[in-house]
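This report refers to the structure that appears directly beneath it.
Chains as they are written, first to last, in the working numbering: chain H, 1 to 382; chain P, 383 to 764.
Have a look at this one:
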């Protein structure tokens, strides 16, 4: 009997395409799992980077595992796959109350966050009307970057009072987005402690005022990777570590070799006078994210690798149009421009995995090499 | 008999959502139609901004109309709706030759572009092997911004020679991307002339060498809007004018009032000490495009309007996370921060319509007001 010998390979794909190396994914997942176990803290991985049920299956030990999402669409999709302990980790708009209630009415254990008394008042009224004591975490502002009630403040206690018995106040959550500006390892350690202290102190203030507040939820990938201790924290939310990206590598959170995500592109032209190589992956494939623009090493729109995933000298995507990427040596490089003929396939590492993945309908999965071992769909939207 | 009285309105939608005002869309389409008719030149509108069959129906008089696309996915989708004169206006990668041939074998009049002899050699060999004389335009570099053979150069003639009889050489095309840096109206007029001259001169050089080259295709929205004459040009490709955006308005190509696209968002929080209002539309809804960053007026991630679409003082989205937008007054503004309670619905005008639309699965269509008159799907991917 003959056997099928056709193997799908990255070299057989049309470009651009999103490539995910499951070997690096698994390594990144295992590293974080061990780290959090070592710190004696629970995990609530954020699924907003992956937005993929296949990735969630590799990440979570069972459907009983906790996770966080950034949209109700994610909550619906992951609930459809069996997950039932889901935190919607974006401050709730009133026009989503009914949607949250519908999902909870179907048996989904969906919890939400609130950071102000006005939303809390509206949510408590809605909860009283439906009789659904929705579980709530109060969001704490640990670093002045975005949302959140001030730690252990009168405002925090007011929110808890307003929620009253109408909702199930579970505790507090915070996210140290400022860790993305911490290039020094000591600064990341300090930011992790700042994040921890704001959350734990706020939970204590709630408990001192008579609220139960059993949950203390923190997390960003840099602080999760650099926290020296997480006493009083019950769970860590981090997401981008699974795929990693050039922003993480530039921050010293893992290395370029840890980046599991890349965009496959073809060389379609050259402008030799300018030292440019043109590829058919522009910002539509890479996203417009320029997260390394203010880093010590600016990676442009992405760092260029060969088909095996090895970076090519100082070659980066210096500019991007909708479907065109312009590759050139980074400013000041002494390297020679590589000879990459028309049709050469390249893999371009992204600045920001969340943004780049969002531009694609699915992952072309490899396992360390360039052979295609699976195709995993992903979802987008709200 | 009772009648249904429920009217869908923007105020009944969950946020974020992409809103398209068909009244402004129609006005923008009609203005460009009249302008090109006045210049006595044909139109080949670029559908890469809209990626919507419903928008194409409003734009094009019939399925016989010419159009341009930026992906083969667009070609397939629009061919499925009946369009059959489609230019794939991105330099062709060899791994797409088979796909182009498949589409052409189904009767689609798909033409392609080439800007170098190496691709031309590969394409001619493929065309000889299939017997399909694919129509080709040679791309000209009119402004040193991206791709293209040098105008009227030996390289241009070499491409034509290499294509030989294997392909159907139809002429030349160019795109003055540099027009996006022309803030002065005289500079836009001059750039339009530079674009025209490069294309017409290249077509003349081809004809002088014995090639037919009947097609001379130019276009960008700024040059299409400011060209004083287009002698020798047969068709204009422009796309973003249909929706317009803050980049166009900042360039003086139309006004803010012409922008047909916006993102509906809800206020979800405040940080009064910082003068911040937080909404549930971040870069996932707006895109990471910062196209006005180097404009005289930096609009951040977008200009904030009320539900009726009227800009609110100097309120812009100064920063964006994945699902959070931070609104604040632009630097130096003397305006007072408006009082926008939790749940307030806002419409945020985008920097770049192509990038923002690409973040959404469809358009919530209004007709001048806030009543929802239709929902139009759009497509993404390759």
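C-beta: ideal position from N, C-alpha, C; glycine also.
All figures in this text were calculated on a predicted structure; none of them were measured in a lab.
Check residue 265 of chain H in the structure and name its three-state DSSP category.
In this structure, residue 265 of chain H counts as strand in the three-state DSSP scheme.
So is residue 725 of chain P in contact with chain H if we call contact Cβ pairs under 8 Å?
Yes - at least one Cβ of chain H is within 8 Å of the one on residue 725 of chain P.
According to DSSP, which residues form a beta bridge with residue 391 of chain P?
Answer is P/753.
Within 8 Å (strictly less), CB to CB, does residue 660 of chain P reach chain H?
Interface residue, yes.
Report yes or no: do the region 432-446 of chain P and the region 743-760 of chain P share at least 3 C-beta pairs separated by less than 8 Å?
Yes, they touch.
Does residue 504 of chain P come within less than 8 Å of chain H when only Cβ atoms are used?
With 8 Å as the cut-off, residue 504 of chain P counts as an interface residue toward chain H.
Could you tell me whether the Cβ of residue 434 of chain P comes closer than 8 Å to any Cβ of chain H?
By this cut-off, residue 434 of chain P is not an interface position.
Helix, strand or coil for residue 719 of chain P per DSSP?
Residue state, collapsed to three classes: coil.
Taking 8 Å as the threshold, find out whether the region 350-358 of chain H comes into contact with the region 709-720 of chain P through three or more Cβ pairs.
At 8 Å Cβ cutoff, the stretches do not touch.
Does DSSP classify residue 155 of chain H as helix, strand or coil?
Three-state DSSP puts residue 155 of chain H in a helix.
Mark residue 365 of chain H as exposed unless 16 or more other C-beta atoms lie within 10 angstroms of its C-beta, in which case mark it buried.
Residue 365 of chain H is buried by the Cβ-count criterion.
How is residue 137 of chain H classed by DSSP in three states: helix, strand or coil?
In the structure shown, residue 137 of chain H sits in a strand (DSSP, three-state: E or B).
Got a sec: is the Cβ-Cβ distance from residue 758 of chain P to anything in chain H below 8 Å?
No - not a single Cβ of chain H is within 8 Å of the one on residue 758 of chain P.
Do you know offhand how far residue 220 of chain H's Cα is from residue 34 of chain H's?
So the two alpha carbons sit approximately 16 Å from each other.
Can a CB atom of chain H be found closer than 8 Å to the CB of residue 546 of chain P?
No, because no Cβ of chain H sits closer than 8 Å to the Cβ of residue 546 of chain P.
Look up residue 317 of chain H in the DSSP assignment and give the residues it is bridged to.
DSSP lists H/300 and H/327 as partners of residue 317 of chain H.
Buried or exposed for residue 752 of chain P, going by 16 or more other Cβ atoms inside 10 Å?
Buried.
Measure how close the beta-carbons of residue 754 of chain P and residue 391 of chain P come, nearest whole angstrom, since I'm counting them as under 8 Å.
Sure, about 6 Å apart at Cβ, within 8 Å.
Can you confirm whether residue 703 of chain P, when its beta carbon is compared against all beta carbons of chain H, has any partner nearer than 8 Å?
Yes, residue 703 of chain P lies at the interface with chain H (some Cβ there is under 8 Å from its Cβ).
Taking only runs that begin and end inside the region 393-437 of chain P, name each unbroken alpha helix (DSSP H) of 4 or more residues, in chain order.
Correct list: 404-421.
For a test of the three-state rule: what should DSSP assign to residue 384 of chain H, helix, strand or coil?
It is not possible to answer for residue 384 of chain H, since the shown part of chain H is limited to 1 through 382.
Apart from the five residues on each side of it in sequence, which residues of its chain come closer than 6 Å, Cβ to Cβ, to residue 21 of chain H?
260 and 366, listed in sequence order.
Does residue 669 of chain P come within less than 8 Å of chain H when only Cβ atoms are used?
Output row for residue 669 of chain P: interface = yes.
Nearest CA to the CA of residue 100 of chain H: which residue from H/82, H/133, H/117 and H/118?
That would be H/133, whose Cα lies nearest to the Cα of residue 100 of chain H.
Starting from residue 503 of chain P, follow the beta strand (DSSP E) in both directions and report where the run begins and ends.
Element bounds for residue 503 of chain P: not the beta strand (DSSP E) but the alpha helix (DSSP H), 499-512.
Since residue 599 of chain P and residue 533 of chain P are thought to touch, with beta carbons under 8 Å apart, how far apart are those beta carbons, to the nearest angstrom?
The Cβ separation is near 14 Å, so there is no contact.
Comparing alpha-carbon positions, which option in P/756, P/750 and P/705 lies nearest residue 74 of chain H?
Minimum Cα distance to residue 74 of chain H is reached at P/705.
Could you check what DSSP says for residue 170 of chain H in three-state terms: helix, strand or coil?
Note: residue 170 of chain H maps to strand in three-state DSSP.
Within 10 Å of its beta-carbon, does residue 610 of chain P have 16 or more other beta-carbons around it, so buried, or fewer, so exposed?
When all chains shown are included, residue 610 of chain P counts as exposed.
For the beta strand (DSSP E) containing residue 345 of chain H, name the first residue and the last one.
Its beta strand (DSSP E) spans residues 345-349.
Hey, quick one: how far does the alpha helix (DSSP H) through residue 607 of chain P stretch, first residue to last?
Per DSSP, residue 607 of chain P belongs to the alpha helix (DSSP H) from 603-608.
At a CB distance below 7 Å, what residues from the region 299-323 of chain H approach chain P? Give them in sequence order.
From the region 299-323 of chain H, only 321, 322 and 323 have a Cβ closer than 7 Å to chain P.
Keeping to the same chain, check which residues put their C-beta closer than 8 Å to that of residue 703 of chain P; ignore five residues upstream and five downstream.
Counting only Cβ-Cβ distances below 8 Å, and skipping sequence neighbours, we find 664 and 665.
Closer than 8 Å is the cut-off here; do at least three beta carbon pairs connect the region 459-477 of chain P with the region 494-513 of chain P?
Flag = yes, the region 459-477 of chain P and the region 494-513 of chain P touch.
So with Cβ pairs under 8 Å, would you call residue 472 of chain P a contact of chain H?
By this cut-off, residue 472 of chain P is an interface position.
When you compare the region 559-579 of chain P with the region 498-518 of chain P, are there three or more beta-carbon pairs, one atom per stretch, that lie closer than 8 Å?
Because the criterion of three Cβ pairs below 8 Å is not met, the region 559-579 of chain P and the region 498-518 of chain P do not touch.
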